[in-house]
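Going by full-length UniProt numbering, the sequence shown opens with residue 1, and the numbers climb by one from there. Yeah, the Cβ is synthetic: ideal placement off N, Cα and C, and Gly gets one too. Read through the structure below, which is laid out as structure tokens, and then see the notes.
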Amino acid sequence: MTDNGWLHLDPVAPGTTAMRITDAGRELLEQMSRTQARTAQTLTDGVSAEDYETVLRTLATMLDNLEAATPRSETNPTG
Numbered sequence: 001m002t003d004n005g006w007l008h009l010d011p012v013a014p015g016t017t018a019m020r021i022t023d024a025g026r027e028l029l030e031q032m033s034r035t036q037a038r039t040a041q042t043l044t045d046g047v048s049a050e051d052y053e054t055v056l057r058t059l060a061t062m063l064d065n066l067e068a069a070t071p072r073s074e075t076n077p078t079g
């Protein structure tokens, strides 16, 4: 991100660095936010809020099921 000019690193104390978003980074963030909003609108067009919430709950449950069925050593090689 620093190589792309989106973030600037500012040393503030020995061993401590602050990150600051640049104007280019802020512009990119705004562009990404607009794109996400358009995509979300397209994705949910014609879907009621209730149906959307049901989908999210269902997908979360399915993810929980997969995580519960997967041995820890498969999801975390160091665990």
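- The bridge partners DSSP lists for Met19 are Leu9.
- Taking a contact as a CB-CB distance under 8 Å, the pair Leu7 and Arg20 counts as one, their CB atoms being some 7 Å apart.
- In this structure, the beta-carbon distance from Thr17 to Asp10 falls below 8 Å.
- For the 8 Å CB-CB criterion, Gly5 and Ala24 form a contact.
- Annotation: the continuous alpha helix (DSSP H) that includes Asn65 extends over 49-69.
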